[in-house]
Every structure is written in C-alpha cells, then in structure tokens.
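First up is the structure itself, then whatever we jot down about it.
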C-alpha cells in the first residue's frame with residue numbers, strides 16, 4: 076500500500092490539521108501492516124515546494140499532452156498521485172476553502188485530465204473531462220481543521236470543489252472544528268482523546284469503511300460552543316474591551332475560568348484565588364451555578380487560595396507535571412476549602428466540559444480486556460463470609476465460606492482480580508478447611524484476624540499499600556503511584572488497619588479466655604466501623620493539612 080499524505084498547510088510541520096492526518100495515517104498503516112501488507116508513506120509538504128500558479132495556457136492539453144510547460148515540483152506530485160493507493164489531503168480551512176498554496180497544486184492537476192468534453196456523471200456542474208490515467212482504484216480522504224466551534228456549514232465550497240474533480244461520494248472527509256485548540260498544550264488531554272478516535276477511524280478505513288459510531292465520535296465537539304469561544308477569545312492574549320496586550324498569566328487564568336464545569340456546582344458559590352508568586356499577580360475566579368467570572372481587583376472573599384509559581388501551574392496544566400505530586404513536593408500550597416482541589420478534574424478538567432459525549436465508548440473505568448477496575452469487595456467477600464458463617468457453626472459455616480471462595484471469580488467476573496484478592500481466597504479456604512476438620516471455629520476465626528492484619532502490614536513494605544491498589548483508580552490510576560500525598564496517606568491507613576486486626580486477634584484471644592466472648596460480636600463490629608469513619612475523615616484531612624505547607 077502506497078499512501079500519499081499531502082500537507083497543504085502554510086504552517087508545514089506545525090499544522091494542526093497535520094496532527095489529525097498523521098493519526099489517521101498511523102491507524103491505516105497499523106491495521107494494514109497487521110494483516111501483512113507492506114505500507115509506505117510519502118508525506119509531501121506543499122509549503123516547502125516550488126509550485127507556481129497555473130497560467131491557463133492549456134499547453135498541457137494541446138502542445139505537450141499530459142505535461143505542464145512550467146518546470147517546477149508539480150510534475151513529481153502528479154507522478155506520486157498516479158502511483159498512490161491512498162491520497163490523504165491535509166489542510167486548514169482558509170477563508171472557507173483550501174489555502175492558496177494547495178489551490179495552486181489543485182489547479183496544476185490539469186495535465187491529469189483530457190481536453191475533450193465528456194458526460195458529467197458526478198451530479199456537479201454542467202460538463203466534465205475524463206481523467207488521462209486509470210485512477211479509479213485510488214482512494215481519497217480529506218482531513219481538515221477550522222477555527223469555528225463546529226465544522227458544520229463551513230466546508231461547502233471545499234466539498235463542491237472536490238466533488239468536481241474526485242466525484243461526489245468518492246472520498247471520505249474528516250472535518251474538525253475548534254482546530255486552533257490543538258496547539259494549546261494545556262488542553263492536551265482532550266485533544267489526545269480526539270486524536271485516538273481519528274487513529275481508530277484510520278484503522279477502520281483500512282478495512283474498508285469507517286463505522287457510523289466512530290464518525291459520530293469524530294463529529295463530537297471538543298468543547299461546547301460557549302466554552303470554545305471563551306477559550307479562543309482568551310488565547311489571543313488581548314483584552315476584548317481595550318485591545319491591549321494582557322499578561323501571560325492573566326490569559327492562562329481566563330482560559331482556566333472558561334473550562335469551569337457549572338454542573339459541578341454544589342449549592343454554594345466558591346471563589347478560587349490564584350496567587351502566582353513568581354509574577355506577583357493575583358486573580359480570582361468566582362464559581363457559580365450559572366458559570367464562572369474572572370476578577371483582577373481582589374475584591375471577593377476567598378474560599379480556596381492557591382499560592383504557586385506560574386510556571387509550575389502552567390506545567391501541571393500542560394501535563395508535564397502531576398498536580399498532586401507537585402503539591403507533595405511543596406512546589407505550591409493551598410489554604411481554605413481543599414475539597415475544590417480534590418474535585419479539580421470535575422470542576423476544571425478537560426473532560427468535564429466536553430460536549431456531553433464520551434470519546435471512549437469503553438469508559439474510563441474499564442481495565443484490560445473490558446474488565447472493570449479492581450474493587451475491595453473481591454477481597455472482603457471471602458473474609459466476611461468466613462468470620463460470620465464459622466462463628467455461627469464451624470462445620471456448616473466453613474463449607475459455606477469455602478463455597479464463597481469458589482464463587483468469588485464468578486461473582487466478581489466483571490472486575491479484575493489482583494494479588495490481595497487471590498491471597499484472601501486462598502487464606503480463607505485454608506482456614507475454613509481447618510475449622511471444618513478440627514471443629515475449632517474460634518481458633519480459625521482468630522487466626523483469620525491475625526492473617527488479615529498481616530496482609531495490611533506486609534503491604535506497607537511494598538511499592539503500593541493494600542488500600543491504594545483498589546482506590547487509586549479514583550485518583551488517576553497508575554499516576555496516583557507518583558503522588559506522595561496519596562501514597563503516604565494510604566501507607567498510614569494500611570498500617571492502621573493492619574494494627575487494628577492484629578490487636579483484634581489479641582483481644583479476641585484474651586476476652587474469650589476470660590469468659591467475655593459474648594461481647595466480642597459487638598466489639599469486633601463496632602471497632603472496624605469506627606475505623607471506617609476515621610478513614611473517611613483522614614483521606615480529607617491529611618491532604619488539606621499537607622497542602623497548607
């Protein structure tokens with residue numbers, strides 16, 4: 076397969092449209108090579124070539140048929156087009172059509188047509204010319220970005236032109252509005268999601284046709300109209316009222332305010348104050364149920380204040396640095412209502428203000444092979460059934476507990492099982508067997524408390540404490556492992572839970588020997604409940620305490 080990628084942007088390699096085209100070609104190439112095809116990609120950068128405007132002399136029709144009298148780079152382009160299996164036209168929308176340099180290339184395709192009039196079968200125009208070469212097996216894809224919130228209604232002159240010389244319905248289009256946002260590094264998460272869908276489109280195209288589902292995802296707006304227009308206006312770095320140049324950190328904060336998701340409103344207005352310690356500027360963002368508003372006079376009562384070097388916060392926004400990791404390293408500090416920081420992705424995250432349609436149809440919560448993320452229920456289910464059932468009747472209860480262990484893989488089949496789930500099933504199965512054959516249920520359950528506590532404590536000596544293995548998916552997944560605040564909090568909690576169950580084994584042993592076994596049922600349920608309440612409080616208090624520096 077020979078792919079010809081025509082980059083028609085005057086910006087060359089810096090073209091926003093080229094990023095889409097490159098992703099599409101990558102998808103085609105990957106799928107074609109996967110089935111054993113040899114794929115070559117020839118990228119032509121029109122801006123770096125010498126292609127003069129057509130003179131309209133028709134020498135290529137009557138004097139030197141099939142050959143232009145202008146000696147420049149166009150002859151090699153025609154050769155590449157004729158030999159290609161797939162031609163990808165990549166260009167930005169310039170004044171509702173293709174850029175001038177690409178229009179020159181299109182005009183200079185005249186030698187590829189015969190001069191004689193032919194019947195027009197393309198439902199365009201009032202006449203036509205047959206092509207000089209056999210090109211019926213060459214496929215064409217048009218990929219373009221524009222600077223409007225939507226591509227809809229802005230490409231009519233482009234498609235009319237391509238209809239004339241490619242034939243109506245003989246090419247595929249991928250037109251994306253909001254193209255200017257592709258160069259904003261701070262929006263890279265949302266952009267990369269879209270590029271993955273473009274790549275998927277290329278993969279499907281290599282198999283013959285892009286599915287309607289993927290086409291609908293390609294039509295999904297990166298951001299709603301009002302958000303995009305605020306982002307685009309702010310990106311110029313010019314005050315809308317005065318026309319004066321604004322400070323870089325002010326432009327940045329305007330865009331942050333534009334990304335506010337008003338659906339995250341929790342019943343009361345909040346004021347986020349951004350204090351940039353290296354520039355000496357402070358700005359306030361009022362967050363309400365109706366939207367956000369930026370203030371530069373410091374007149375509002377602050378609910379959350381962030382003190383940070385501007386470069387640090389900009390790096391976090393560009394994805395070059397993890398926010399929580401930077402906080403753990405004391406690169407910035409937070410005072411006031413820390414819950415805003417905990418919900419940052421919901422309030423200002425790029426996904427939060429998407430058009431309402433997810434790009435990833437599998438969902439962020441799915442693991443490999445479509446499995447959901449691990450859940451602590453998988454680990455607790457065998458332990459709880461064991462402690463309850465064996466305490467009631469060692470013989471019958473142990474059989475019930477072993478049955479639960481056998482059913483855990485089926486019950487939790489939609490979730491990925493991890494090492495702590497597997498160890499728990501194995502430990503409970505062995506303890507249940509011991510209780511059944513010895514009839515000593517009290518000894519087995521007490522040993523269970525000890526082993527369960529040791530699981531927690533042992534995990535404190537690994538790279539990831541037990542609780543973190545389950546809850547990290549609510550804090551960025553594998554990214555959470557690099558978050559000192561998250562990891563330290565989970566190490567502390569794992570140690571607390573481990574000590575709790577080891578002490579539970581100790582007091583259970585002595586209270587039973589002292590004849591107070593009746594109160595153990597109450598104590599051994601109330602204490603974990605109290606620990607659960609402590610855990611809920613700690614995960615909110617600890618990050619806020621550390622954030623204050």
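Residue numbers (the working numbering): 76 to 624. All C-beta atoms in this analysis are idealised placements derived from N, C-alpha and C, irrespective of residue type, glycine included.
Among the options, the one whose alpha carbon lies nearest that of residue i
i, options, result
"residue 389", "131, 325 and 101", "325"
"residue 386", "104, 414, 350 and 361", "350"
"residue 260", "294, 331 and 108", "331"
"residue 308", "356, 223 and 236", "223"
"residue 616", "411, 298 and 153", "411"
"residue 453", "529, 169, 420 and 541", "541"
"residue 586", "518, 103 and 529", "518"
"residue 522", "465, 209, 456 and 154", "465"
"residue 539", "562, 138 and 525", "562"
"residue 189", "136, 201, 152 and 356", "136"
"residue 103", "91, 79 and 87", "79"
"residue 278", "373, 101, 601 and 96", "101"
"residue 203", "347, 301 and 242", "242"
"residue 489", "362, 87, 474 and 447", "447"
"residue 574", "115, 524, 366 and 336", "524"
Start and end residues, beta strand (DSSP E) containing residue i
i, result
"residue 219", "214-220"
"residue 368", "366-370"
Helix, strand or coil at residue i according to DSSP, with G and I counted as helix
i, result
"residue 285", "coil"
"residue 434", "Because residue 434 carries a pLDDT of 49, less than 50, the predicted location of this residue cannot be relied on, and the following value inherits that uncertainty. Looking at residue 434 - three-state DSSP - the assignment turns out to be coil, as it is neither helix nor strand."
"residue 496", "helix"
"residue 319", "coil"
"residue 168", "coil"
"residue 249", "strand"
"residue 374", "coil"
"residue 80", "strand"
"residue 161", "strand"
"residue 23", "Look at the range of the chain in this structure, 76 to 624, and you will see that residue 23 is not part of it."
"residue 474", "helix"
"residue 459", "helix"
"residue 422", "helix"
"residue 467", "helix"
"residue 126", "coil"
"residue 145", "coil"
Cross-strand partners of residue i (DSSP beta bridge)
i, result
"residue 358", "349"
"residue 411", "379"
"residue 193", "203"
"residue 363", "366"
"residue 313", "320"
Span of the alpha helix (DSSP H), counted from its first residue to its last, around residue i
i, result
"residue 568", "559-588"
"residue 386", "385-392"
"residue 118", "Per DSSP, residue 118 belongs to no alpha helix (DSSP H); it is in the beta strand (DSSP E), 115-120."
"residue 257", "Taken as a continuous stretch (DSSP letters only), residue 257 belongs to no alpha helix (DSSP H), as it is neither H nor E."
"residue 239", "231-241"
"residue 610", "592-622"
"residue 399", "398-403"
"residue 530", "516-534"
The ligand PLP heavy atom lying under 7 Å from the CB of residue i
i, result
"residue 116", "The ligand PLP is not among the ligands present in this structure, which contains no ligands whatsoever."
Inset, instruction - Examine the Cβ distances between the segment 512-532 and the segment 546-560 and report whether three or more of them are shorter than 8 Å. - result: When C-beta atoms of the segment 512-532 are compared with those of the segment 546-560, fewer than three pairs fall below 8 Å, so the two segments do not count as touching.
Inset, instruction - Could you tell me whether the segment 254-268 touches the segment 280-291, where touching means 3 or more Cβ pairs closer than 8 Å? - result: no
Legend entry - Inter-stretch contact at 8 Å, needing at least 3 Cβ pairs: the segment 405-423 / the segment 603-610: no
Inset, instruction - Take every Cβ of the segment 124-143, pair it with every Cβ of the segment 180-194, and state whether three or more of those distances are shorter than 8 Å. - result: yes
Inset, instruction - Determine contact between the segment 141-152 and the segment 232-243, defined as no fewer than three beta-carbon pairs at a distance below 8 Å. - result: no
Inset, instruction - May I ask you to verify whether the segment 208-220 touches the segment 239-257, counting CB pairs closer than 8 Å and requiring at least 3? - result: yes
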